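Residue numbers (this note's numbering), protein chains in the order written: chain A, 402 to 853; chain B, 621 to 1063. Here the structure comes first, spelled out in structure tokens, and everything after it is commentary.
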Amino acid sequence: MRLILKNLWAHRRQNGWIFAEIAIITALSWAMVDFLVVNYYGIYFCNPAGDFEKDHLCVGQFGVLREEMEKTDSEDFGEEGLNQEEFLEHRMGGIYTIKQKLQDMPEVQSVCLTWAYLYEDLRLYNWDRFAPADDTLKTVTAACEQYYQNEQFFETQGLQTIEGSPVAEVLSRELPQDAIVITRSMAEQLFGTDQVVGKRLANVNYMYSPDGNYHQVAGYHTIAGVVEDVKGAPHERYPYTAFIPNPEVYANYETKLLLRLKPNVDADEFVKRLTPTLTKEFRAGSNVLAYLDTFNHHLERQKEKNENTLVSQLATVPLVLFAIIVVIGTLGTYWLQIRKRKEDIGIMRAFGASKMRIFCTLIAEGAILTFIATLLGDIIWLQFANSWEILSEGNIMSSSGMENDWVTQFWPHFLIISLIVFLLLLAVVSIGIALPAWNVCRRKIVEALRDE
Amino acid sequence: MKVLIYIRQALAMMKEDKQFSAIYIAGTAVAIASAMVVALVLHIRMGNIYPEVNRDRTIYVGSNFTRSDGEYIGYSGYSPQAVEEMFSKLECAEVVSAVMNNEYIYRFTACKEVGKQEVQVTTKFTDPNFFRLYEFKFLEGKPYNEENLKNADRCVVITDALAKKLQAGSGLVGKTIQLNYLPYRVVGIVKEVSPLLRETSADIYMPYTVEDSRAHWYVENVTYAGGLEVRVLLKKGYTREMLMDELESYRPKYLSMLKSTTGEDWNWYIQVRPHWRKTLNFFGEEVNDASMTDLLANLSMPALLMLLLLLLPAINLSGMVSNQMEARVAEMGIRKAFGAKKRVLLNEVIQENLVLTLCGGVAGYLLSWLFITAVRNSTLFLSMFGREYDPVNSVSLQLDMFFTPTLFLIAFVCCAVLNLMAALIPAWTSLKKPIVESLNQKK
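Structure below.
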């Protein structure tokens, strides 16, 4: 250790530059690493226990053949004397024919028409605030999904009900007008237990005014069922999701298709087979099945469009750039520095030091340099983090504000991220040092001593 | 001649110390590449690029009508009536074109015939002048005309890329294609415009009167309000301020007419933005006035970013130059002993270094092109141009996005700044050493 510190001090003028650079980069990259770590923690480590099976799920969108529509509209509207609502039902009736045709296919397990489904649009998923009806201050913000009743929604989406809750088939049927189905974690967060069927939930609006925030109850729901945890979006950290039946009875222009295939069917193959003739095979009246895709593919496309992806990329690009800069910096500095130390290394080798020991000594020099520089960078960043309260919370909407994990606590959060920043920089610095260090260690003792 | 000596000296040093030179050039290349990516993005957003070759003279005019109680009418453009009455007689305008503001509302699919493979397409609803204001290259056919616009004819101009995607072969002009299952006649085929040029790029161009789009350019009573953005190509020698003066002359007349028809007082804000102002706005709508000072203030932000991107690698390079100067201390000592001045030596070191920096600069410039080509389909890159990720179509790039004298100049300035930042401090520190101490290193 003394030798390492002595070497660092002896080359302080050259090391000073790389030290300054690491400290600056630590301070600059801290917030970006923070966001990415919290975000990826949400995506990969906060997977709910239940989730839903995605590999056999397909999604679809209907279209309207306008030329056909113009032709039939005038006849239907005039001759049959329908009112506006009946007319719309009549116009969109073809959707049910298409649905039935899909349902009759041997590969299909269940089909449902729905207002929305999980992960349908990651940019615009809805969320709302709920609280127990008798304690409206204890709120949870949850992702809200609306579905049509009597459409096998819960079975097709793949949601599992918990013990003590009505089964999926029952929940998919017609429920009372104020019904709501929530996830297990949401129930536990609000009531302290998952046995909450029949309990009342208040839908709370937070209003913002110059005098301060106040809340207002917008309506009440009765919990009709509880399902295993699912998240409103993959990057959400807490699985608070609510399913609310849509009062609409007939399909309309907004209707989407959710289709579950039998377990032995390959979804990719299924979609590939149907796509070329989709608009030809699946049309009825003025309606047409305009789009069909596997859920996984649809999800990938949603992720690409998602703001979360955008922010993650925005944070990753400078980090990669910083990493390249540090690698080149350490590589350059140590290449030149080690060249001047060839004689010392030759003597050390002559006195019995192994190649590995010398290699490790050089890497340890880099580690200590990185540790001190990162510490300085962290302290600089801490000044901002402390006063601005800018520790990342990721990009989440669903939360109660009462969670008690490492993300929500200042010191564990700060120390974990600081450690990760150090480890990342250590890896990068080690890459920069490894090449020149290995190069000099490989030299024969006689050759190294010749420089002396 | 002196320059040649510096170059020879630098080349000799490069030969002598290949590893140092390689690392130094790599470090410079990364720095220049990152700074040039910022410059290239800025150039693509602001420079004159096909078909927007007159961006420096193009003005975008919007409007905002509010009632006396402050209620906003909800349309940020003009009606065809306003285009006819206000804009068609402008003294300072070479061309005036009206374009629908709402292409995002429509999702169009195109196919050769119903039942054939469908392609998702982007659309632009324009008038015929659009093809005069922007210099589109017509490969076949011609633009639609005023008659088509007036009659709301279902006729379209499509890009060569779309024609290829539809597998329509040649001779598509005069034939029909299906858009959202309705037939449209193709009147012209233009060379594709990169999606990064938001104002002009689309797969299909059609008269703004076609389809139900007409509902979006009409407001009851306020006859000048609508969904059309007016684009004005200024005659050479005319300025945005002159255009504003001309437009302002319509305000009192129209507002008094509006009061007499609606019985209400109205406010009318005429928004006149040059092209750069539409794409560069760091300080919010209220702070900007589109003057030269405003432009410089807005440009200072990317300039600062570029400086930061140069600064970090410069610290690296300083460390390397410092190491190298350590090795040359004795040489410098001898030269100083023979009467060489510190300033001359410093100048020499900086200029020798510049040769290495320029080599890195060229590599960095190439690297920035490669980088942009590699990331052109990513969500982040597209968001810089107001575009969304498109999983189907790859983003096309144009040569004029990368090659302009301005970009070369920026690259050179970046190299010079980086070189100064990297070499000045270590060289000066090293040259400050007393001659005796420097000569002592020779031992």
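Beta carbons: idealized from backbone N, C-alpha and C, even for Gly. Since the model is a prediction, treat every value here as computed from it, not as a measurement.
*Excluding five sequence neighbours on each side, which residues of the same chain lie with their C-beta closer than 6 Å to the C-beta of B/Phe1001?*
For B/Phe1001, where only same-chain residues beyond five positions count, the Cβ hits under 6 Å are Val995.
_I want to see whether chain B comes within less than 8 Å of A/Gln590, judged by CB atoms only; does it?_
Taking CB atoms only, A/Gln590 has no neighbour in chain B less than 8 Å away.
*Under three-state DSSP, which class holds A/Lys539?*
A/Lys539 falls in the coil class under three-state DSSP.
*Excluding the 5 residues preceding and the 5 following B/Thr686 in the sequence, name in chain order all residues of the same chain whose CB lies nearer than 6 Å to its CB.*
Hits under 6 Å: Tyr692 and Asn887.
_A/Gln854 in three-state terms, based on DSSP_ = Outside the shown range of chain A (402 to 853) lies residue 854 of chain A, about which nothing can therefore be said.
*Thinking C-alpha only, which one of A/Gln462, A/Ile773, A/Ile797 and A/Phe823 is nearest A/Met708?*
Just to set this straight, residue 708 of chain A is Glu in the shown sequence, not Met. Minimum Cα distance to A/Glu708 is reached at A/Ile797.
*Distance, B/Lys962 Cα to B/Leu1051 Cα*: For B/Leu1051 and B/Lys962, the distance between alpha carbons rounds to 7 Å.
_Beta-carbon proximity check, B/Asn918 vs B/Thr882, cutoff 8 Å_ = Going by C-beta atoms, B/Asn918 is not nearer than 8 Å to B/Thr882.
*List the whole-angstrom C-beta distance separating A/Thr676 from A/Glu546, where the pair is believed to meet the contact cut-off of C-beta under 8 Å.*
Between the beta-carbon of A/Thr676 and that of A/Glu546 there is about 27 Å, and that puts the pair past the 8 Å contact cut.
*Can you give the beta carbon distance from B/Val810 to B/Thr829, rounded, assuming they're within the 8 Å contact cut?*
A Cβ-Cβ distance of about 20 Å is found for the pair B/Val810 and B/Thr829, leaving them out of contact under the 8 Å criterion.
*Identify the contact partners of B/Gly647 in chain A, using a Cβ-Cβ distance below 8 Å as the criterion.*
Within chain A, Ile726, Ile729, Gly730 and Gly733 have C-beta atoms less than 8 Å from the C-beta of B/Gly647, given in sequence order.
*Going by the beta-carbon positions, is the gap between B/Met633 and B/Glu1008 smaller than 8 Å?*
In this structure, B/Glu1008 does not lie closer than 8 Å to B/Met633 by Cβ.
_chain A within 8 Å of B/Met940, Cβ atoms only_ = Yes, B/Met940 lies at the interface with chain A (some Cβ there is under 8 Å from its Cβ).
*Which bits of chain A does B/Glu1008 rub up against, with CB to CB less than 8 Å?*
Here the neighbours are Lys706.
_The beta strand (DSSP E) that contains B/Tyr680, what's its start and end?_
First-last of the beta strand (DSSP E) with B/Tyr680: Thr678 to Arg687.
*Shorter than 8 Å from the beta carbon of B/Asn973 to some beta carbon of chain A?*
Not an interface residue.
*In its own chain, which residues sit with a C-beta less than 7 Å from the C-beta of B/Glu866, not counting the 5 before and 5 after it?*
Excluding sequence neighbours, B/Glu866 sits near Leu710, Glu711 and Cys712.
*Taking only beta-carbon positions, decide if A/Gln415 is within less than 8 Å of chain B.*
Yes, A/Gln415 lies at the interface with chain B (some Cβ there is under 8 Å from its Cβ).
*Relative to chain B, which residues along the region 736-756 of chain A have a C-beta separation below 7 Å, given in chain order?*
Answer in chain order: Trp736, Leu737 and Gln738.
*Which value, in whole angstroms, describes the spacing of the CA atoms of A/Ala751 and A/Ile846?*
If you take the alpha carbons of A/Ala751 and A/Ile846, they lie about 6 Å apart.
*Contacts around A/Ile773, its chain only, beta-carbon distance under 8 Å, and the 5 residues preceding and following it disregarded*: Same-chain partners within the cutoff: Phe420.
_For A/Val582, three-class secondary structure by DSSP_ = Here A/Val582 sits in strand by DSSP.
_Assuming contact is defined by CB atoms lying nearer than 8 Å, are B/Gly682 and B/Gly694 in contact in what I supplied?_
The answer is no: Cβ separation not under 8 Å.
*Excluding the five sequence neighbours on either side, which residues of its own chain have a C-beta within less than 6 Å of the C-beta of A/Ala652, listed in chain order?*
Same-chain partners within the cutoff: Met493, Ile496 and Leu514.
*Indicate whether A/Gly532 and A/Val460 have their beta-carbon atoms separated by less than 8 Å.*
The residue asked about is misnamed: residue 532 of chain A is Ala in this sequence, not Gly. Contact: no.
*Identify the continuous alpha helix (DSSP H) that holds B/Cys1034 and give its terminal residues.*
Element bounds for B/Cys1034: Pro1025 to Leu1051.
*So does the region 843-850 of chain B actually touch the region 665-683 of chain B, counting three or more Cβ pairs closer than 8 Å?*
Remark: three or more beta-carbon pairs, one from each stretch, lie closer than 8 Å, so the region 843-850 of chain B and the region 665-683 of chain B are flagged as touching.
*Below 7 Å CB to CB, which residues in the same chain sit around A/Cys842 once its five sequence neighbours on both sides are set aside?*
So the qualifying residues of the chain are Lys756, Ile759 and Phe760.
*Apart from the five residues on each side of it in sequence, which residues of its chain come closer than 6 Å, Cβ to Cβ, to A/Pro837?*
Once the five neighbours on either side are set aside, the close Cβ partners of A/Pro837 are Tyr735, Trp736 and Ile739.
_Against chain A, does B/Asn943 count as a neighbour if the rule is that its beta carbon must be under 8 Å from one of theirs?_
Yes, B/Asn943 lies at the interface with chain A (some Cβ there is under 8 Å from its Cβ).
*Supposed contact pair B/Thr743 and B/Phe728 - C-beta distance, whole angstroms, cut 8 Å*: Between B/Thr743 and B/Phe728 the Cβ distance is about 5 Å, and since that is below 8 Å, they are a contact.
*Closest to B/Met912 by CA distance: which of B/Arg665, B/Ala947, B/Asp676 and B/Ile652 is it?*
The option with the nearest alpha carbon to B/Met912 is B/Asp676.
*asked:* Among the candidates B/Val813, B/Arg897, B/Asn943 and B/Lys736, whose CA atom is the shortest distance from the CA of B/His1045?
replied: At residue 1045 of chain B the sequence reads Ile, which differs from the His that was named. From the listed residues B/Val813, B/Arg897, B/Asn943 and B/Lys736, the smallest Cα separation to B/Ile1045 is found for B/Asn943.
*Taking the alpha carbon of B/Phe750 as the point to measure from, which residue in B/Tyr801, B/Gly794, B/Tyr825 and B/Leu817 has its own alpha carbon closest?*
Closest in C-alpha terms to B/Phe750, from the list B/Tyr801, B/Gly794, B/Tyr825 and B/Leu817, comes B/Tyr825.
*When you compare only the Cα positions, how much space is there between A/Tyr639 and A/Leu711?*
Straight-line Cα distance between these residues: approximately 21 Å.
*asked:* Run through chain B and tell me which residues come within less than 7 Å of A/Trp410, C-beta to C-beta.
replied: Residues of chain B whose Cβ lies closer than 7 Å to the Cβ of A/Trp410 do not exist, since the nearest Cβ in that chain is about 16 Å away.
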